[in-house]
Structure formats: structure tokens, C-alpha cells
């Protein structure tokens, strides 16, 4: 019997990994399988393992409970089976478990700690040079961002014709030397790919999972985009067998990371070779193969997916109207009865495309609109850069004005009593949020004024109670004590845009 | 036979008036009538006259043709009939006749000169003290505004509880001394009006028609709001007999002024005592009694009127969405196939209400959106003022940043080849306008970038022709020559909001 490598102790909700040697004949990715069964007094979980190259097979497991576990590893990969045991220690201070839906429209970590997503987008940051990846992590560490959307597969799109560090399959890519902004969609130029879709490249996935772990260490959720249409290599047009192999491999490798979310696709509706039946099939694979029930959604271009489908845990929406974006949040809540994340509402920047050149003010306004309507929004940044390093695609440094304001918003959100906000009809001139939980009704109002510039606002909740009023400048990031009021009262405002009034029962 | 007063010469499209004495017994407003018939080789027009008080009756007529006219005045007002003749001289330089619909979606004066409305709103400027009215006229003279919306009846609403200079009826108003922002809708406080709705007050209407004439002299259209809901006197709740008397009196007095437009009501849907049948009845009265077919529309609060009704000449729309206002212009064009004027899309200002506190930038953006989608917009201003003189209601001085930019927009509009703009789908990232007239297609593009902040934009119309490109900063009011281009070309932009690219075939 060969050597079986595994740790004797692992922290709750961390990755427990068993590594064993196995067959290298034929094609280990498709001809042999490996599975693991993990067991303690509270759970017994069977998971797929995967071939990690160089004769090594791995099985990963995320324990949901503390205490003693035993495991058994078996399959056609070897004539041997392996077993052992390990101890799961309590979660450390910053480990709250995977994120779950909570209170219908919101999120919490598995230990009950509320999670308020302030997402960002760096589609292919893990496919850039290592120094740039390190810079991205350093930038994230200094930010409020606690979710990042990025792609497993490399990306071919404007501002992003460079080759990735690795490819997901064995083989060779087409020649990209003649690609320009004008011809990059020309199918003639994208010929010459030569991939073996039955042989994955473990190095590609290893580098991504290192980054998933880095994000976990920073307390950031990895909103993994499993498929996408920005493709010159044919990865968006594989056969259903190849797709299935890809999906099972991705799940086997990544599911044990507690911070993983499954975004089935970005702009799924631009992947013309895939049908709704395909998406439902991928969803079924995830539901079957991911034993931890990570969050699942799918992101649109023009046609929002039917988020009423039972496998969808939350809405992941791209704006479908040029002018109303976050303003539709309450409608989505009502339609889908699930958490609403507006994962693309245009990016702060100055590129030529309308989706990538709004001001910091406008992006922050959209965040506040989403927040005060009981949803969440996601950031992105697309400033023209001398080396074409755009945060939205490559990561790197942030240049915009919105991230500091999103950190400020995050603090406001964390101070909301109970868990999360919901929209409330206080008047027709502003967007008012109240706590989602009925236990806190009547105790807290966040009255966002958006682009309106009132010099004062009148309020009247009741005649008995006193209310502490704060005037919040969401752009200049100030909170000004406006005193304690009772009955009918007037709150003076500076007649500027982007103000909010916070009213809390004393 | 008593003396009949009338001029022997009148300019085409000006007011010809015959004044004659008549019966003062009983009630001259309802018991006696006066009519006139005006005739030349091209037309024969019968119009209602009206009682102007102090024993004098008047008949007014706007001649549409040059040359010799004869007239006859008759009715129960007197045992006598009167007749005479007069000469109509050619229109003077700045007199182009009444405004008509032209080219389906646009407007022209009757002599064919294009008319591009840049409207403003001073609801009750004619009911303020004479000095303030004079100041309003002086302000208008310096502006680009060529249409003004205002009310015939006095207004009772926030920032406007003062008594008007005159009342439209004989009688006495309720006591307004205790009115405040909080109680002004309390029906108990609005009791004690004592009007004779069968006896109009000619002085009230005389002062308005002097102002209509003043506006005409400035080349400004008087978009008369005949009814409205902002009322403490009961003028919005009269009987149908009283309404009919009011309408016929208004038409008999004002129709001969070439610059009159009939706005049946402001926020008609807030006048709860009136039904759709009432509005159709008023429209029928206007169609029957106004021989000049002045422009006719009706303005909504929440429910847009059915502008497909044949009597409606153009859409007069208030925004029905808090976020999409001028952006809906093309939809309205398609739905109604008539000119679209967005007569309320929020005002520049800083009062407490959302409809009255947007920035100058946002109001100007909405004007450009409306313009580039083939419609027109209307200005209003609501800045808090130490003496509560708000342009939107009282007139006076302008304090905002938008009027200068609207003057700039007006110059751009006047330079469009042909007559007016229509929306054109050039790309999905900006709002592009082209000339309405097919004769000018392909010669002119106005590509408005709105709140997007592109650093450059790419264009490609054809490979043969040369195009002159101008970069327009709609806020800073500059037009920068960006050279002559051919084939595929890139236009550099400053990465700021509110830019437009104008491209003209050489």
C-alpha cells in the first residue's frame, strides 16, 4: 500500500485533503475515478476526488462539525483503498463558515454572523502575472470588498487579449498575435486551437485554488464564474461530455473551500451554443456534486434568468435598463423572494463603453439605491491605464473614488439593527429603508435622498417617542448629529446630492 | 346707433378688436350674447365675443390673411348690429403666426419658420404684484425660453398661499390668514368662499391678456393652463354650467392672441371632481369655439392622458417615473405619433420635494435626452428664497445654472439641418439623434453621451465621405473642432459627463 497523505488536525470549515498516488495509464481524468467518504457523529458525506497530475489523486472535504472524523478513500484509480481519521478543531476568530441565505433576502455565515456583501469584479485576476495577483490581494486587503467575481476560464475581450498564465486543458492555443479591438470577434482569426478536452491541466486549477485560499484568508468570498462567453479558445463551445467533465472537476477541486460561490456563468445568454436545458443540467450537477450547498446563481446580459428555479439561491443581476438599475431592486425582491445582488450596474471608469464609464458618484448612488431597497450591489472599475491594467479584468490597483465610499456604506450597513434592510414607503420623494426583521420595526429609518437636493425634510413618526437623527453625507463620508426630535420635526440638509437621513428611536 | 370702436388697420396674426356698448341689465355674462363674423376673400369666420364690464362688449379676431376684411357684430347684447371693414397688413419681422404641428413630431409657425420649444414654467406669475411681473418679463427677455406655462386661475399650494391680485369672479374669498404648510389641505380652513360663478371679473382676464400680449411681443408662446387642482376657492369644483361659461369666456377673450396654446389642465388627474367625460367636453368646447385651432393638450400628474384622442395636438407630459423621464421620449413618440413635450421632468432647485430639487446638471441632461430622442422639455426652478419668490410659481429672477445651458442647447437645435431631430440607433452606449427629415439622413449625427464619461468613441459611417466632427461640452457650453474624418475614426473625449459628439457630412 502506497503512502496516503493527510493532516491529523483541521479547522472546522477548512479544507481537509487526502492525497494518494494512483494509476497513470490511459487517461486518469476520464478512465479512473476516486471518491471519499467522511464521517463523524453528525454527518456522513461522500465526495468526488480528482486527478491532480503526476500520478497523484486528491479528495477534499470541508468538515461542518467539530470533533473526530474518519474517512475512507476508494475508486478505480487504485487497487488500494485508504482510510484514516482526523480531528476537527473549532473555527478560529475570522472563520464563520460558508455564507448562506438568511432572513429570505440577506446572507449570514453558517455560524450566524451576518454577511453584507460589498462585492467587486476582477474577471481574470488569477490569470495575470503573479506580481499583479499579489498586488490585487494587497488592494483587496485595504478595501471593504468581501466578495469578488472572477472566472475559472481565461478571457478574450476588449482590453484583454493577453494570454493567460495557464490553460485549463492540455494542448495549444490559437495564435493571438494579430488580434485588435476591431477584429477580435472574427472567427477566421480564432482558428488553430488544439485542445484535448479530456485532459485537464491541474496547474491551471491549482493556481486558482491558491487564490481562493488567499481570499479566504482575507475574509473574501470567491464568486466563481464557471463559464463565460468571452472566449477565443473554444472553452465556451465544448461538447456536453466535455462540459460535464469540466463541471465535475471544478466541483471536486473547489467545493471544499468554504468561501466558494457558484456563478454558473457570466452573461449566460451570450453563450449561443448553450440552451436553458444545458444551464439546468449544469445546475443539477452542482446540486448533486457539491455536498456543502454553496450559494448558486447565474448572471445575465440582457435576459435575467428565472431566479424562481429552486436551485438558485440568490439573484445575480446585470442591469437590463440603461437608466433604471438599482432602482429595480425592490421589484426583484418581490418577484423572486430571494436575496438580490446587482452584480453589474456599470463600472466607475472612463473607457468608451457605457457599461464602463460612469462616475464614482453615480456608482455609489446605485449602491445606496440597492441597499435602501433591500438588496446589494457589486463594484467594478474600468479606468484607461497606460499598460491596460483595468481592475475589472486584471485586478491591480484601484484608481476610483467609489471604493472609499463603499467602505463607508459598509459601516452604515453593519450598524443596522437586526439583519439587513428592506424598502419602506415613507414618502414619494426619497428611498427609505427599515430593518428587515419585524422585531426592529419602528426603531430605525434610513432615508436616502439620491440625486435630490432638498434643503430640509419633514418627518413625523409618532408624538410619543424621541428620535435620534443623523445627517449622512454618503459622498463626503460624514455623519452629523442632527439632534433628538419628537412629533413633527424638520431636518436641515445642505441642498446637495447624495445625502441620507438616519433616524433611530431613542 | 352707439359708437363702435375698432382700428382700420391690423397686422396679420395680430388681434383685431371691436368694442361696442350694450345692455347692462340682468347678467350680461349669461343673459346676453355677442358674436362677430369676419370675412375676406380667403375666409369667413364667426366668433363669440364677450362682456368686458362697464357696459362694454368686445369681439376679437385674428386675421390669417392679408388684405381687406369686412365684419359684422350682432347678438342679443344690443338691438343694434355693427359692421365695418379693415385692412390686414403683412406680418412684421418677428411675427410668424401661430405655432402649428409640423413634420408629425415638431412645430413650426404658420409662416413655415421652425419653432423649437424651450419652455419654462411660472404657474401664477400674472397673479403677482405688477413689479414682479415686470421683472419676470425682463428675465424672460434675456433667456432662451420661448414658451411659458401659466395658470388663468389663482393657485393655492405650498410656497404659494398669497392672495392673487384679482379673482376671476365677483365675490369674496375665504380667509387665508391661518394657512400653513401643514394645514393647507384641511377643508375646514378653506370654507367661507362666496363667489357668483355667473359673473366673471373682467379685470382678472384683462391683466392676463396684457401679459399674453407682452409675451407675444417677446416672441414667447403662452401655454395657458385653463384648469388646475391647486385651489382653495372652489374654482376646481364648479358646476358644469359654470365650467362651460368659464371656458367660453376664456376662449372668446384669449383665442385671438396668436401665441396662445390651450393646456386644458395641469395635473388633470388630481381634479377628483372631474371625469374623463368632462375633459372631453372641455376639449369639444375648445375645438368648437377656437376658430384658429391653437395647439391643445392636457398635462398629467400620475396618469398620462390618452394623447391619441384626435383633439390632442401634442403630448404634454409630466414624468411618471422617478428615474426614467426624458429617456421615455422615443416611446411616447411611437405611442402617440405626435410631438412630445415633457412639460415637467423635475425642477432645478433645493426645496424639500423630489420634483423640485434636482441639480442644473441633471435638468440639462434631461433636456438633452429629450432633444436627442426627438422631443422637447420644459424648465422650472424651485430654489428656496427669503421672500418665497420661486420662479416655478411666481416668476421673478432666475437663480439656477440650467437656463444658460438651455440657451446653448437652443443654438445647437437651430443648427440641425431640416426641421427637428429624431432618435437613431447608432449604438447602445449613447443617445444619437439624426434629422427628422429623410432629405437630411446621413448628413448629421448628434451623439449625446449623458452621464457616461467615455475617453473616446469610435465611429464608422462609410468609407467614402468626409465628416466634420465637433465635440460639444453641453455643460461648459463649448464646441471644439475635432477635425475632418473618413472611414473608421476615433473621437477623443475628456472623460467627463455631459458631452456630445456632432458629426456632419462634409
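Residue numbers (the working numbering), protein chains in the order written: chain L, -19 to 486; chain R, -19 to 486.
Every residue gets a Cβ at the ideal spot worked out from N, C-alpha and C, and that includes glycine.
Per DSSP, which residues does residue i bridge with? Please list them.
i, result
"residue 207(L)", "245(L)"
"residue 461(R)", "450(R)"
"residue 1(R)", "36(R)"
"residue 63(L)", "52(L)"
"residue 180(L)", "149(L)"
"residue 88(R)", "80(R), 94(R)"
"residue 24(R)", "19(R)"
"residue 468(L)", "440(L)"
"residue 479(R)", "453(R)"
"residue 31(R)", "37(R)"
"residue 277(R)", "243(R)"
Quick check on the burial criterion: 16 or more other C-beta atoms within 10 angstroms. Buried or exposed for residue i?
i, result
"residue 127(L)", "buried"
"residue 216(R)", "buried"
"residue 267(L)", "exposed"
"residue 42(R)", "buried"
"residue 299(R)", "buried"
"residue 157(L)", "exposed"
"residue 278(R)", "buried"
"residue 30(R)", "buried"
"residue 256(R)", "exposed"
"residue 313(R)", "buried"
"residue 238(L)", "buried"
"residue 361(L)", "buried"
"residue 90(R)", "buried"
Who are the Cβ neighbours of residue i in its own chain at under 7 Å, not counting the five residues just before and after it?
i, result
"residue 439(L)", "469, 471, 483"
"residue 61(L)", "52, 53, 54"
"residue 441(R)", "447"
"residue 34(L)", "none"
"residue 10(R)", "178, 225"
"residue 350(L)", "306, 309, 322, 356, 357"
"residue 199(R)", "74, 126"
"residue 106(R)", "113, 130, 187, 188, 191"
"residue 451(R)", "460, 462, 471, 473, 479, 481"
"residue 234(L)", "189, 192, 204, 240"
DSSP on residue i, reduced to helix/strand/coil?
i, result
"residue 139(L)", "coil"
"residue 352(L)", "helix"
"residue 185(L)", "helix"
"residue 365(R)", "coil"
"residue 267(R)", "helix"
"residue 428(R)", "strand"
"residue 196(L)", "helix"
"residue 494(L)", "What is shown of chain L runs -19 to 486, which leaves residue 494(L) out entirely."
"residue 382(R)", "helix"
"residue 46(L)", "coil"
"residue 388(R)", "helix"
"residue 296(L)", "strand"
"residue 323(L)", "strand"
"residue 103(R)", "coil"
"residue 329(L)", "strand"
"residue 512(R)", "No answer is possible for residue 512(R): it lies beyond the span of chain R, which begins at -19 and ends at 486."
"residue 127(L)", "strand"
"residue 213(R)", "coil"
For residue i and residue j, which I take to be in contact (beta-carbon distance under 8 Å), what is that distance rounded to the nearest angstrom?
i, j, result
"residue 88(R)", "residue 80(R)", "6 Å"
"residue 154(L)", "residue 171(L)", "6 Å"
"residue 396(L)", "residue 425(L)", "The pair is not a contact, with the Cβ atoms about 11 Å apart (cut-off 8 Å)."
"residue 367(L)", "residue 139(L)", "Not really, about 11 Å apart at Cβ, beyond 8 Å."
Excluding the 5 residues preceding and the 5 following residue i in the sequence, name in chain order all residues of the same chain whose CB lies nearer than 6 Å to its CB.
i, result
"residue 340(R)", "328, 380, 381, 382"
"residue 13(L)", "55, 56"
"residue 96(L)", "393"
"residue 50(L)", "19, 65"
Excluding the 5 residues flanking residue i on each side, which residues of the same chain have their C-beta closer than 8 Å to its C-beta?
i, result
"residue 251(R)", "207, 208, 209, 216, 245"
So does residue i have its beta carbon nearer than 7 Å to some heavy atom of the ligand PLP?
i, result
"residue 367(L)", "The ligand PLP is absent from the structure shown, which contains no ligands of any kind."
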